[in-house]
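Chemist: After the structure tokens below, expect a handful of questions from me.
Protein chains: 2
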Amino acid sequence: MKNTLTDRQKDILNFIEQFRNENGYPPTLREIGKRFEISSTFGVKRHLDALVKKGYIAVESNASRGISYLRHEFDNTAVKVIASEDIFTKIPIVGRVAAGTPILAIENIEGSLVIDPSFLKKSGEHFALKVRGDSMIDAGIFDGDFVIVSSRKEALNGEIIVAMVGDEVTVKIYENKVNKVSLIPQNKNYSPIRIDSKSDFSILGKVSGVIRLLN
Amino acid sequence: MKNTLTDRQKDILNFIEQFRNENGYPPTLREIGKRFEISSTFGVKRHLDALVKKGYIAVESNASRGISYLRHEFDNTAVKVIASEDIFTKIPIVGRVAAGTPILAIENIEGSLVIDPSFLKKSGEHFALKVRGDSMIDAGIFDGDFVIVSSRKEALNGEIIVAMVGDEVTVKIYENKVNKVSLIPQNKNYSPIRIDSKSDFSILGKVSGVIRLLN
DNA sequence: AAATATAGTGAACATAAGTACACTTGTCAA
DNA sequence: TTGACAAGTGTACTTATGTTCACTATATTT
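Chains as they are written, first to last, in my numbering: chain E, 1 to 215; chain B, 216 to 430.
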């Protein structure tokens, strides 16, 4: 079995993407079927199964509208510089964050960065941040690296997050034990930061990628 | 009634946003309820009704997971842009390299990757490679990372390069002392590779960037 | 004290939506 | 001409999910 899609599968993949853009949630089997005049949900399901098998989407079983997007379709040509009508995603690079301003306020934006949309598996707000310091070197995040951040307000234990502590933006591993939040660096020379209730602390997002430029 | 949200409503709105970021589709009433320990779906529903009334979300009635967003909490600075000529660069991702074939032969290309051209300061051929193994972890290059490679045939001491040794493509630090070439890993558990004259060895390029995707 | 808004419970219900199976059709290569 | 594969039908079934109702509780406002 190859990973190439049939025409029908391509059409359906496109429809799913479009539907999600328009509605904010993925279509049901029957909604897909209606669009393509496939009267049986089973016929549709088998298309989805094929798309899953070929790695284009993920489907949560028994969950309604449980389609999540794994990757866009790209032509595999070994072309170097391209001009096409593909849609790319441009995310802002956040520099110094002025105290009190929202992270994405214009004055905080230093530039922007174009990345492959397939890197951002799920939709949602993203921004990038240039890392200062070496507190995360054991996690492979070095001084000067860019981290790509998926905006969110909560985190799970062990996730690498970007947080605001007082005036400072920091990248650490999140840990919440019995409602005591700590930010764990990944460098023996640094100690965890304990967050007590009176700390000015908020989660900005979860690190979903790291980019390093050499030379 | 004002359009200001109660704390509870804010929490729920944030959760919905986060859930969608993570899963690609919105949560059900019960999934929201589970997170907030609200055992009755009705309790959750009334929160959604409030959010709708205040203009923060839209809910399609009788549709599962039918929550769509009207307003983000952040301004949407992460814009989707249409590529115009020559602005973005698309480079091929090289997968398994068939022995004897040129690195950029079609059969070696697994996909492609769009990156900001400002990342590639120098012009010239580039390709990307998915790293296998952990021989370079001390240089912050982990298993599964993509390295962006600038094609060239020669290297300077200390540069991180991609080379072909026999059939294998490898990422290492280049060292040439008195015409004895060694490839130095960055991991105490590995030993340098000595290249002797009869080795089948060639330099494919220099690593100019590293990209890591988390989750 | 009464009214009002927010927040939640627990159960019952209707329907939306995923899963499964047997059978059909058309195409294409061996 | 057999076989494999993509694509689709129709029905039946199970589960997931939204809707509704009566009732409770706790603040805050009038």
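All C-beta atoms, glycine included, are put in the ideal place defined by N, C-alpha and C. The structure displayed is predicted, hence computed values, not measured ones.
So for F257 of chain B, helix, strand or coil by DSSP?
Modeler: DSSP places F257 of chain B within a helical segment (H, G or I) once states are collapsed to three.
Chemist: Between K54 of chain E and L5 of chain E, how many whole angstroms is the CB-CB distance? I'm expecting something under 8 Å.
Modeler: 6 Å
Chemist: F357 of chain B touches chain E at which residues, Cβ-Cβ below 7 Å?
Modeler: Residues of chain E passing the Cβ test: G140.
Chemist: So which residues of chain E does Q233 of chain B contact, with C-beta pairs closer than 7 Å?
Modeler: Proximity of chain E to Q233 of chain B at the Cβ level (cut-off 7 Å) is accounted for by R152, K153, E154, in chain order.
Chemist: Going by C-alpha to C-alpha distance, which of B:M379, B:L344, B:R409, B:L263 sits closest to S417 of chain B?
Modeler: B:M379
Chemist: Please report the residue range of the beta strand (DSSP E) in which K216 of chain E lies.
Modeler: The question about residue 216 of chain E has no answer here: the residues shown for chain E are numbered 1 through 215.
Chemist: Would you kindly work out how many angstroms separate the C-alpha atoms of K249 of chain B and E232 of chain B, rounded to a whole number?
Modeler: 16 Å
Chemist: If we cut at 9 Å on Cβ distances, does F251 of chain B have a partner in chain E?
Modeler: No, no contact with chain E.
Chemist: When you compare only the Cα positions, how much space is there between V396 of chain B and F357 of chain B?
Modeler: 24 Å
Chemist: Rounded to the nearest angstrom, what separates G144 of chain E and K177 of chain E at their Cα positions?
Modeler: 31 Å
Chemist: Roughly how far, in whole angstroms, is the beta-carbon of S135 of chain E from the beta-carbon of P185 of chain E, given that I think they are within contact range, below 8 Å?
Modeler: Contact between S135 of chain E and P185 of chain E is confirmed by a C-beta separation of about 4 Å, below the 8 Å threshold.
Chemist: List the endpoints of the continuous alpha helix (DSSP H) containing G270 of chain B.
Modeler: Where G270 of chain B is concerned, there is no enclosing alpha helix (DSSP H), given that its DSSP letter is neither H nor E.
Chemist: Alpha carbons only, please: which of E:E175, E:A63, E:V207, E:S61 is nearest the one belonging to D196 of chain E?
Modeler: Each of E:E175, E:A63, E:V207, E:S61 was checked against the Cα of D196 of chain E, and the nearest Cα belongs to E:E175.
Chemist: Is there at least one Cβ from chain E nearer than 9 Å to L429 of chain B's Cβ?
Modeler: Answer yes: the Cβ-Cβ gap between L429 of chain B and chain E drops below 9 Å somewhere.
Chemist: Report the rounded CA-to-CA distance for I352 of chain B versus E237 of chain B, giving the unit in angstroms.
Modeler: 28 Å
Chemist: Residues of chain B with a CB under 7 Å from the CB of Y190 of chain E: which are they?
Modeler: Residues of chain B passing the Cβ test: none, with the nearest at roughly 17 Å.
Chemist: Would a C-beta distance cut-off of 9 Å place A354 of chain B and I375 of chain B closer than the cut-off?
Modeler: yes
Chemist: So what does DSSP say about G33 of chain E, is it helix, strand or coil?
Modeler: helix
Chemist: Under a CB-based cut-off of 9 Å, is G33 of chain E close to chain B?
Modeler: no
Chemist: Quick one, which residues of the segment 385-404 of chain B are near chain E if we go by CB-CB under 7 Å, in chain order?
Modeler: none
Chemist: Just to check, is the beta-carbon of I173 of chain E closer than 8 Å to a non-hydrogen atom of the ligand FMN?
Modeler: Absence of the ligand FMN is noted for the structure shown, with no ligands found whatsoever.
Chemist: Please decide whether V346 of chain B counts as near chain E, where near means a Cβ-Cβ distance under 9 Å.
Modeler: With its beta carbon at least 9 Å from every one in chain E, V346 of chain B lies outside the interface.
Chemist: Count the other CB atoms within 10 Å of the CB of T243 of chain B; is the residue buried (16 or more) or exposed (fewer)?
Modeler: Burial call: buried.
Chemist: Do V149 of chain E and Y208 of chain E come within 9 Å of each other at the CB atom, strictly closer than that value?
Modeler: In the sequence as displayed, the identity of residue 208 of chain E is Ser instead of Tyr. Yes.
Chemist: Using alpha carbons as the reference points, say which of E:Q9, E:K172, E:R30 lies closest to I57 of chain E.
Modeler: The residue with the shortest Cα to Cα distance from I57 of chain E is E:Q9.
Chemist: Answer yes or no: does any C-beta atom of chain E fall closer than 9 Å to that of G373 of chain B?
Modeler: no
Chemist: Return the chain-ordered list of same chain residues with a C-beta closer than 8 Å to the C-beta of L13 of chain E, the five sequence neighbours on each side being excluded.
Modeler: L5, L51, Y56, I57, E73
Chemist: Closest to E383 of chain B by C-alpha separation, out of B:R280, B:L419, B:V274, would be which residue?
Modeler: Nearest option by C-alpha distance: B:L419.
Chemist: So P27 of chain E contacts chain B; which residues on that side make the cut at Cβ distance below 9 Å?
Modeler: Correct list: empty, because the minimum Cβ distance to chain B is about 10 Å.
Chemist: Hey, how far is the Cα of K368 of chain B from the Cα of K421 of chain B?
Modeler: 9 Å
Chemist: Let me confirm a value: E275 of chain B is counted as buried when at least 16 other C-beta atoms fall within 10 Å, else exposed. Which label applies?
Modeler: exposed
Chemist: Determine, for S199 of chain E, whether the minimum Cβ-Cβ distance to residues of chain B falls below 9 Å.
Modeler: No, S199 of chain E does not count as interfacial toward chain B.
Chemist: With a cut-off of 9 Å, does the C-beta of R280 of chain B fall near any C-beta of chain E?
Modeler: Yes, because at least one Cβ of chain E sits closer than 9 Å to the Cβ of R280 of chain B.
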